[in-house]
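Numbering of the sequence shown is given in UniProt numbering, commencing with residue 1 and proceeding in unit increments. The structure under discussion appears below in the form of structure tokens.
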Amino acid sequence: MSSPSPARGGAPRRSVAAGAALAALTLPVLGSLVPAPADPVAIGLAGAGQPVPLPPGTAEAAWWDLLFLACLGAALWLGASSARWCACGPRSFQAAWLARVATVVTVSAGALATMLLLLVTAWPDTAAFALDGAAAATVLKFSALVPAAAIGLAGVGALLWRCVAHSPRALAERTGQQLRTCPPRPVEADDPPASRDGQPGASRWRDAYTVPGVDPAEITRKWRAGIDTSGVCLSGGGIRAASVALGALQSLRAELLEADHLVSVSGGGYTAGALQQALTDAGSPPLPGKPEREPGTVFTEGSAELHHVRRHSSYLADTPARLLAALGRIGRGLLLSLTVLFGPAVVLGVLTGLFYDAVPLTALTLDPLRYPVPRTASLVALGVLSAGTFLLALFTRGAADRRTRSARVVAPLVAITLVLAALTLVVPLLVWAAEWLLSHAGRVAGVGGPLGTVLLTYLAALASMFWRHRAFLGRQARGLFRRGSGGIPAALPGGVLQRLLVIVTTGVLAVVWLLLFAGSATTLGDEAALWSAALVAAVVLVLGGVFDVTSLSLHPFYRQRLASAFAVRRVRRDADGQVVAVPYEPAERTSLSRYGARPEKFPEVVFAASANLTGENRTPPGLDAVSYTMSAQWTGGPDVGWVRTGDLEAAVTPRFRRDLTVQGAVAVSGAAFASAMGRSSRWFQVLLAVSGARLGAWQPNPKFVRHAHEAAEQGNWAHPWLPRARRLPYLLREVFGVHPHRDPLLHVTDGGHYDNLGLVELFRRRCTLIYCVDASNDAPPTAGTLARALTLARHELGVRVELDDPWPAEPGQVHHVPGAEQLTLAGRLTASPLITGTIHYPPESGLAAEVTGRLVVARAVLFPELPYQLLSYAAHHPEFPNDSTGDQWFDEGKFSAYTELGRRIGAQARQAARPPVEPSAEPVPATP
1 MSSPSPARGG APRRSVAAGA ALAALTLPVL GSLVPAPADP VAIGLAGAGQ PVPLPPGTAE
61 AAWWDLLFLA CLGAALWLGA SSARWCACGP RSFQAAWLAR VATVVTVSAG ALATMLLLLV
121 TAWPDTAAFA LDGAAAATVL KFSALVPAAA IGLAGVGALL WRCVAHSPRA LAERTGQQLR
181 TCPPRPVEAD DPPASRDGQP GASRWRDAYT VPGVDPAEIT RKWRAGIDTS GVCLSGGGIR
241 AASVALGALQ SLRAELLEAD HLVSVSGGGY TAGALQQALT DAGSPPLPGK PEREPGTVFT
301 EGSAELHHVR RHSSYLADTP ARLLAALGRI GRGLLLSLTV LFGPAVVLGV LTGLFYDAVP
361 LTALTLDPLR YPVPRTASLV ALGVLSAGTF LLALFTRGAA DRRTRSARVV APLVAITLVL
421 AALTLVVPLL VWAAEWLLSH AGRVAGVGGP LGTVLLTYLA ALASMFWRHR AFLGRQARGL
481 FRRGSGGIPA ALPGGVLQRL LVIVTTGVLA VVWLLLFAGS ATTLGDEAAL WSAALVAAVV
541 LVLGGVFDVT SLSLHPFYRQ RLASAFAVRR VRRDADGQVV AVPYEPAERT SLSRYGARPE
601 KFPEVVFAAS ANLTGENRTP PGLDAVSYTM SAQWTGGPDV GWVRTGDLEA AVTPRFRRDL
661 TVQGAVAVSG AAFASAMGRS SRWFQVLLAV SGARLGAWQP NPKFVRHAHE AAEQGNWAHP
721 WLPRARRLPY LLREVFGVHP HRDPLLHVTD GGHYDNLGLV ELFRRRCTLI YCVDASNDAP
781 PTAGTLARAL TLARHELGVR VELDDPWPAE PGQVHHVPGA EQLTLAGRLT ASPLITGTIH
841 YPPESGLAAE VTGRLVVARA VLFPELPYQL LSYAAHHPEF PNDSTGDQWF DEGKFSAYTE
901 LGRRIGAQAR QAARPPVEPS AEPVPATP
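Take a look at the structure:
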């Protein structure tokens, strides 16, 4: 549906808008105070079945009803205008347009019904067709009234709130705040243009290289001088990837200290965050001595801080009590989420019962043996409106100008048709089904149904979480009965039981919601039901309107547990001179702009995450996510825009500042399971949203922040600002998978949902030397994660990487290792853990044509040069080094094995990056 352009939706002066909003609330009240000698609604709905002549006073009541209709129409129009003034995106403008069309339909149908009643009072002989026509028009009037009133009330409420909250003083304070931003790349027709030189055909590539602070001319100059712009990326993979990264960066320490960028994804962010928090000089907590911040020795082998991480490698739940606490968090989130989601069913059901008690469009029968038959007038109204909308759609399809008014009313008419069908057919059927179920199941359904639903949802939530880690669970289960005979264990086959459990649970939740709504509607305005609905509404408002929905999820727990293991300082005690590891206090807020600032002699740390966008033109093909990175300097990405991190921290409320921290960035970058997962989207995500078993967080949208600041500078008081908290509407967005790019907040999750290596971000920064630590647990025969990253880089950035010879890095390439067959290692050994290649950047990168780069990928695989003790560990643990990301409970042996593997592949990568020694062109003199 097209809608009026946002540019024409400017709000009037504050006083005029407030007056219009108040008038929208008072006009219907004033109109209802007019005394009427008869009830025109009841007479209009009765149709031709009522006696003629009509009751005395019908004509007078009809004239008074026209006056009320005029007041109602004016109020609805003002409400629709209020919604339009508050709108800032296509969906909100479309809703305001729907309200205007519904207002016109309401007034027109109401006027037609009244005129037909007046016709019958004047000429009773016309009753045969006029009364049925009046009934059909009355049904249409109230069907259109529902969306018009709902949108109008929402618009009036939003407008009045902004009249008060967006005061001139508040606008002045907001415009006084410094906000440095960089707009997103243009994709749609209404996006601002990006004036750049070059061929327009590859403009998407040029725009995709937009990273504030990166100067391609300077990179070219350095390359010509023999100086690389280097970067290190750490892949995702939970504690497995973190352990490998810790070891690899010990071997690559010299290369790390010379690097410009350290990009981390998910589990790699655990290590990057640990290094950053150990080296930062921000904060002044009480410490038993002086912090040591030497980049060359922090988290090296044998250090106190590494020992601290080793002791907390089972960070999620290293004791039975903490495991119970984690399960309790899931249960608490489930109960609170279900309360917030199912509470509106009760409130809406009671309000629906009140509506049908006053306006019986279809008689709600409470007799389970009597099916609710819709009125003939309802079917006539539905048929006429459906046919008219269909014909109008056919007429406008051939129109040259698709933005004509006749074309723009088609979609609102379709919406009104659906509302009419729901009010006359669907809702009465649901009420009858609920009454039938309650009459047959009695108290068992009333008590056991909700309890069973909660338990089933809890079990299904656990099943959906464990399904992502089914390979790990399968290996553990098989290990109880037998040893593998060799090769890399396969994932559990099937998974039908888990799928059925989640599908059934999701269906049960939907059915229970509908039955709860319908059962509440059977009260038909009962006083006790009204009080119950008021209580439920209060609870929902408190939970959904006051509490932050992210606080109801597992995200805060996940952030805290990660910090308990990886947030640590190295301190030399004053008392005895010993070096000890001092964990961060939970109350210390590690603001990203300060604690994430680049330490001396250390690269810039960038936490790579994914911003989920559904139904958008901004995501790469096959993905529902785009790049979203967080660093001390900038937050955002080329598709959503950038905002200076320090400015963003100053612009948001304290609830958002919890996640704009180093610890928050680590947790968001590692939000592996969530209600939206980009490339990894799965069928169980709706259940994760409902249950609260989700790790993602809603973060400020840089594009919206930029627009809101510009609106404030222009004095546009009606433009929305960032919300103070992530309330109920954002939980509903997760449930229904709605993630538009214009919203104030973006749903940010694991960086692996976009690129699990972080390679694309280093390509975006035009690095000419890249070390990639790949612990992504790819199943053979190929490095699938690397292949996907290179494909994404080619499509998004035009980067072409020529791999030298990737096949030696695949398992099964070594066939003659003494004792390998006895150790069940033959099929798991690779000839080399490295994949190397040459990077070719396109002209759109801004680099000179001769600039090329070097890529060194160090994979966490087995190879013959590993020490005997590590190969022995691999022989006794067939899942090594492919432990599932679901295994976040590492013991000492497993942590040490992966860390040692990281050291070895890091050492190999260090050797591979050195240029080969060219043989001398001069002949070597013979030895006398």
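In this text, a Cβ means the ideal position worked out from N, Cα and C, and glycines have one as well. This one's a predicted model, so the numbers in the text were calculated from it and none came from an experiment.
From Arg828, Lys141, Leu745, Gly31, residue whose alpha carbon lies closest to that of leucine 382: Lys141
Per-residue burial, alanine 225 [other beta carbons within 10 Å of its own, 16 or more giving buried]: exposed
Cβ shell of glycine 641 (< 7 Å), same chain only, five flanking positions each side left out: Thr181, Cys182, Pro183, Pro184, Pro702, Lys703, Arg706
Buried versus exposed, by CB contacts within 10 Å (16 or more), alanine 17: Result: buried.
Status (buried if at least 16 other CB within 10 Å, exposed otherwise) for tyrosine 371: exposed
Glycine 231 - DSSP class collapsed to helix/strand/coil: It is a strand residue.
Inter-residue CB distance, glycine 238 and serine 266 (contact presumed, cutoff 8 Å): So it is a contact: roughly 7 Å between Cβ atoms.
Tyrosine 209 in three-state terms, based on DSSP: coil
Secondary structure, alpha helix (DSSP H): runs of 4+ residues fully inside the region 374-432: 376-397, 405-408, 410-421
Distance, glutamine 869 Cα to glutamine 888 Cα: 23 Å
Proximity below 8 Å, CB of threonine 417 to CB of serine 386: yes
Alanine 23 - DSSP class collapsed to helix/strand/coil: helix
Contact the region 75-87 vs the region 111-128: 3+ CB pairs below 8 Å: no
Rounded C-alpha distance that separates leucine 613 from proline 344: 27 Å
Pair within 8 Å by beta-carbon distance, glutamine 908 and leucine 803: no
For alanine 897 and glutamate 585, the rounded distance between their alpha carbons: 30 Å
Rounded separation between alanine 278 and glutamate 844 - CA only: Cα to Cα, alanine 278 sits roughly 38 Å from glutamate 844.
Residue span of the alpha helix (DSSP H) that contains serine 610, given as start and end: Careful: serine 610 lies outside any alpha helix (DSSP H), inside the beta strand (DSSP E) at 604-612.
Beta-carbon separation (whole angstroms), residue 935 vs valine 643, contact threshold 8 Å: Here the chain comprises residues numbered 1 to 928, so residue 935 is not present and cannot be evaluated.
Buried or exposed by the 16-neighbour rule on C-beta atoms within 10 Å, applied to tryptophan 123: That one is exposed.
Buried or exposed (CB count within 10 angstroms, at least 16 for buried), tryptophan 432: buried
Three or more C-beta pairs below 8 Å linking the region 769-785 and the region 126-144: no
Start and end residues, alpha helix (DSSP H) containing histidine 876: 868-876
According to DSSP, residues forming a beta bridge with serine 627: Ser610
Histidine 719 beta carbon less than 8 Å from that of serine 564: In this structure, histidine 719 does not lie closer than 8 Å to serine 564 by Cβ.
Other residues of its chain near leucine 731: CB distance less than 6 Å, five sequence neighbours each side excluded: Closer than 6 Å at Cβ, skipping near neighbours: Val549.
Assigned exposure category for tryptophan 721 - 16 Cβ within 10 Å defines buried: buried
Same chain, Cβ closer than 7 Å to alanine 102, neighbours up to 5 away in sequence not counted: If the five residues before and after alanine 102 are omitted, its C-beta is found closer than 7 Å to the C-beta atoms of Ala144, Pro147, Ala148, Pro412, Ile416, all from its own chain and listed in chain order.
Rounded C-alpha distance that separates alanine 434 from glycine 155: 33 Å
Which of helix, strand or coil DSSP assigns to leucine 695: Looking at leucine 695 - three-state DSSP - the assignment turns out to be coil, as it is neither helix nor strand.
Reference valine 25; option with closest CA among Val120, Gly157, Arg14, Val662: In the sequence as displayed, the identity of residue 25 is leucine instead of valine. Of the listed residues, the one whose Cα sits closest to leucine 25 is Gly157.
Local Cβ density within 10 Å of glutamine 276, reported as buried at 16 or more and exposed below that: buried
Residues of its chain near valine 380, where Cβ-Cβ distance is below 6 Å and the 5 sequence neighbours each way are ignored: Ala136
Three CB pairs or more closer than 8 Å across the region 250-260 and the region 228-236: yes
Beta strand (DSSP E) runs wholly inside the region 775-816, at least 3 long, in chain order: 800-803
Local conformation of leucine 262 per DSSP, three classes: strand
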